[in-house]
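K.L.:
Numbering (the numbering used here), first residue to last: 19 to 99.
1) Give a yes or no on contact between the region 54 to 61 and the region 34 to 42, applying the rule of three or more CB pairs nearer than 8 Å.
2) Straight-line CA distance for residue 71 to residue 89?
3) Under the three-state reduction of DSSP, which class applies to residue 49: helix, strand or coil?
4) Could you check if residue 96 is buried or exposed, using at least 16 other CB atoms within 10 Å of its CB as the buried criterion?
5) On the criterion of 16 or more Cβ atoms from any shown chain inside 10 Å, does residue 86 qualify as buried, or is it exposed?
6) Can residue 74 and residue 98 be called in contact, C-beta distance under 8 Å?
7) Quick one: what's got a C-beta closer than 6 Å to residue 53's C-beta in the same chain, skipping five residues either side?
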């Protein structure tokens, strides 16, 4: 089912999607590829993929999730728009 409706009842951003879990596993298995990289993460739901990149040593991550960046102590790595 697809919906183009934008509203307060949409909850797709409240959880980690399976695709983010798979991508996170891929990043962890290939962490050397992403170390010192520059990443852009937008429209990312909870931001778990960007946070994983930060924990794995990405040099800079641009994200929209200021609160999640702070809670994970990634202020020196992540730039919040």
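All C-beta atoms, glycine included, are put in the ideal place defined by N, C-alpha and C.
P.N.:
If we stick to the structure as given:
1) no
2) 15 Å
3) helix
4) buried
5) buried
6) no
7) 75
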